[in-house]
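Heads up, the sequence shown is in our numbering, so the first residue is 12 and it goes up one at a time.
What follows is one structure encoded as structure tokens, with my remarks underneath.
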Amino acid sequence: MTRGSRFTILLLLLTTPCAHAVQVGQVRIVGIADADELRNAEMSVSLRRTQGKDVSEERLAFLLRAAPQEIRTALEPFGYYDASVDAQVQREEQTTNVTFTVQMGAPVRVTAKHVAVRGDAASDAVVAPAVAAFKPNIGQVLDHRRYEDSKQEVERRLNERGYFDADATTHRVEVTRAAHSADIDLNWDSGPRYRFGATTFAANQLKPGALDPLLRWKPGQPYRADRLLDFQQALADLDYFGSVDVSPDVEHRADGQVPITVTTTPAKRNVYSAGLSYGTDSGAGVTLGYERRWLNARGDKFDSQLEWAQNRKLVTARYRIPAFGWLDGWYALSTQLRDETTDAGHTRLAEIVGSRSGRLHHWNLTTAVHMQRERYQDAAFPGLDRFATLVFPSISAQTTRTDDKLYPTRGWSFGIDASGGATAIGSDVDFAQLHARAAWMHPLGDRNRLLLRGEFGHVFTGSFNQLPPSLRYYAGGDNSVRGYSYQEIGPRVNGQNVGAPNLLIGSVEFEHRFTHTWGAAVFADDGDAFEHAPRSHLGVGFGLRWRSPVGPVRIDLAHGFQSGSPVHLHLNIGSEL
Numbered sequence: 012m013t014r015g016s017r018f019t020i021l022l023l024l025l026t027t028p029c030a031h032a033v034q035v036g037q038v039r040i041v042g043i044a045d046a047d048e049l050r051n052a053e054m055s056v057s058l059r060r061t062q063g064k065d066v067s068e069e070r071l072a073f074l075l076r077a078a079p080q081e082i083r084t085a086l087e088p089f090g091y092y093d094a095s096v097d098a099q100v101q102r103e104e105q106t107t108n109v110t111f112t113v114q115m116g117a118p119v120r121v122t123a124k125h126v127a128v129r130g131d132a133a134s135d136a137v138v139a140p141a142v143a144a145f146k147p148n149i150g151q152v153l154d155h156r157r158y159e160d161s162k163q164e165v166e167r168r169l170n171e172r173g174y175f176d177a178d179a180t181t182h183r184v185e186v187t188r189a190a191h192s193a194d195i196d197l198n199w200d201s202g203p204r205y206r207f208g209a210t211t212f213a214a215n216q217l218k219p220g221a222l223d224p225l226l227r228w229k230p231g232q233p234y235r236a237d238r239l240l241d242f243q244q245a246l247a248d249l250d251y252f253g254s255v256d257v258s259p260d261v262e263h264r265a266d267g268q269v270p271i272t273v274t275t276t277p278a279k280r281n282v283y284s285a286g287l288s289y290g291t292d293s294g295a296g297v298t299l300g301y302e303r304r305w306l307n308a309r310g311d312k313f314d315s316q317l318e319w320a321q322n323r324k325l326v327t328a329r330y331r332i333p334a335f336g337w338l339d340g341w342y343a344l345s346t347q348l349r350d351e352t353t354d355a356g357h358t359r360l361a362e363i364v365g366s367r368s369g370r371l372h373h374w375n376l377t378t379a380v381h382m383q384r385e386r387y388q389d390a391a392f393p394g395l396d397r398f399a400t401l402v403f404p405s406i407s408a409q410t411t412r413t414d415d416k417l418y419p420t421r422g423w424s425f426g427i428d429a430s431g432g433a434t435a436i437g438s439d440v441d442f443a444q445l446h447a448r449a450a451w452m453h454p455l456g457d458r459n460r461l462l463l464r465g466e467f468g469h470v471f472t473g474s475f476n477q478l479p480p481s482l483r484y485y486a487g488g489d490n491s492v493r494g495y496s497y498q499e500i501g502p503r504v505n506g507q508n509v510g511a512p513n514l515l516i517g518s519v520e521f522e523h524r525f526t527h528t529w530g531a532a533v534f535a536d537d538g539d540a541f542e543h544a545p546r547s548h549l550g551v552g553f554g555l556r557w558r559s560p561v562g563p564v565r566i567d568l569a570h571g572f573q574s575g576s577p578v579h580l581h582l583n584i585g586s587e588l
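Dropping the structure here:
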């Protein structure tokens, strides 16, 4: 405390009766530029916690004497060991205001540093970079936050790589105040790297061994915490369990191995859903759903859904059998009945699909065999029922890489589907089809993002007129070219859209977020479903973006320059990627 602040406090005590209580008004700290340093100093001053309260003169004097040292101590973690503090006390009737003026002084800088890991981790490709990146470096201010962060990062990596016996044999920071210098001496002995031991599953609703194929490790392999996290996420994605915990049993490590314990609690077995729906493509409707998350100890699943809307009626059912032994996938048998009316016509479809799905790295892969019967009417030929029977295999691959699954700001997605049928295997027509979709999102500052989207499709066939609507291409609608009605774009016969063998769509969108939950976007879409050469069907518009409790909601108004209507409303729920 400076001579001036001592004199001010003494004068206050001599001129005021000791038993008299005063109210503490504003307590300010000036002279500290950095926000974190100022915040830490303010939180450390006990006097600030009495603002607006009555205290005795004895208590006030004690707090005034303590405050300068509290401020100096609060600045030391930031490298300032030589700060000076002056207190100015101002009395206004029964209120006392205090201002502390701080002179920061010269910071302490690192003049010597020795940080090392000895033992098996010395050459570990994951641990070594954290040691090399340790901060602060020589010449930098001794910021204890950076020191602790770097220390914790090294220890975190040691733990994640299985060095459970690691110990900091030396951890010393020596500060010489007079020279404003600091020496860092920090050493770890990592000990041996443990390997995976036996994996024990707590009792659950599945048969013993059902989840073993999902394990990301084998006994005897070097321990890696990321393998445990991958396995935990894989279990969570199954929807069998309400909670999943996969942990190393460090207390029982022995003989260079650490056992792994897997603890789960069952999820709700039956899930029912019901709701009202509205889509600018399908119209108003209701949806009902049912899911049986596990049917038996093997882990089979069943789900079904009913959608009943103005322009679309859909019933689906699916039975899935675990196929975790290869690609963490499923065998599935599914069926759907669909009745749909669009500007292009009326379609009724019955389909059975047998499939095998799996995941390879970041790709979701599916192979399937489709058997479908389709009854349809072209709007160009009203009253004429046509039928198509198709049997064909398909293969698809999709991937999404993003910083956030629900509300991404950066990332991309890509999907490709290939299918083909032949009269030799039961189809009414020979065909091959290729369809690809891609989207790319990039942030522009903290509140803006750019979204690019593209889609391509082509049907190889010599008998296009025999293909049913489900295999033809149309454009326009919520997820296609906005500014146009659902399936409005395509070749026309008698003024009606009959679909095309080719599809090409592109979109660019700019979004600005006003608050955490609300934003707006402007966009331009263009594309065509065509026979020989594409024609431009440009649509431009703007819309609202809402981060709702059920996911992203996009409400757009768009104008299509070749559309029959001046403005179209488009509604979408779900991530853009």
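Cβ atoms here follow ideal geometry from the backbone N, Cα and C, with glycine treated the same way.
Fair warning: this is a prediction, and the values are worked out from it, not measured in the lab.
Note down the Cα distance separating residue i from residue j, rounded to an integer number of angstroms.
i	j	result
S254	L287	30 Å
Q259	D237	The sequence shown places Pro at residue 259, not Gln. P259 and D237: Cα-Cα distance of roughly 12 Å.
Q573	N513	19 Å
T346	E542	32 Å
P577	T358	28 Å
P219	L325	38 Å
T528	G550	26 Å
D176	P203	7 Å
A511	Y485	7 Å
F553	A532	5 Å
T410	N281	29 Å
M382	G437	9 Å
D200	Y158	19 Å
S95	N198	34 Å
R349	A361	7 Å
V126	E87	22 Å
K64	P563	47 Å
G473	D441	8 Å
A133	Q268	20 Å
R397	F467	27 Å
D537	H548	5 Å
G581	D241	Here the sequence assigns His to residue 581, which means Gly is not the residue at that position. Each residue's Cα considered, the two are about 38 Å apart.
V66	A32	5 Å
For residue i, does the three-state DSSP call read helix, strand or coil?
i	result
S491	coil
A399	strand
H543	coil
E104	coil
F475	helix
E262	helix
F89	helix
M12	Any reading at M12 must be qualified, since the residue scores a pLDDT of 47, below 50, and its modelled position is unreliable; no value is offered.
I500	strand
D536	strand
P118	coil
Alpha helix (DSSP H) containing residue i: first to last residue?
i	result
A162	What sits at residue 162 in the sequence shown is Lys, not Ala. Where K162 is concerned, the enclosing alpha helix (DSSP H) stretches over H155 to E171.
I82	E68 to L86
P140	V138 to A143
Please name the residue in the options whose C-alpha comes closest to that of residue i.
i	options	result
P419	Q409, R558 and L514	R558
R503	R70, D97, W199 and F392	F392
V492	P480, G571 and D250	G571
E351	R323, V96 and V35	R323
P479	L461, G432, P79 and E262	G432
L222	R204, S192, Y234 and V257	V257
V109	V38, L555 and S201	V38
R421	D131, W337 and N459	N459
D414	S424, A408 and I406	S424
V470	P277, I195, L240 and L515	L515
I82	N170, A133, W341 and L49	L49
R565	A247, L306, S586 and L74	S586
Under the DSSP definition of a beta bridge, which residues are partnered with residue i?
i	result
W600	Since the first and last residues shown for the chain are 12 and 588, residue 600 lies out of range.
A295	Y289
Y387	T358 and R397
I43	Partner(s): none; I43 has no beta bridge.
P233	R206
L482	The partner list for L482 (beta bridge, DSSP) is empty, contrary to what the question assumes.
If I follow the unbroken beta strand (DSSP E) through residue i, where does it start and stop?
i	result
P563	G562 to G571
S55	From DSSP, S55 is part of no beta strand (DSSP E) but of the alpha helix (DSSP H) over A46 to S55.
A236	Here A236 belongs to no beta strand (DSSP E); instead the alpha helix (DSSP H) covers A236 to D248.
E520	N513 to R524
H373	It is not in any beta strand (DSSP E) - H373 carries neither H nor E in the DSSP assignment.
K9	Since the first residue of the chain shown is 12 and the last is 588, residue 9 is not available in this structure.
E434	The sequence given here has Thr at residue 434, not Glu. Run containing T434: none; DSSP gives neither H nor E here.
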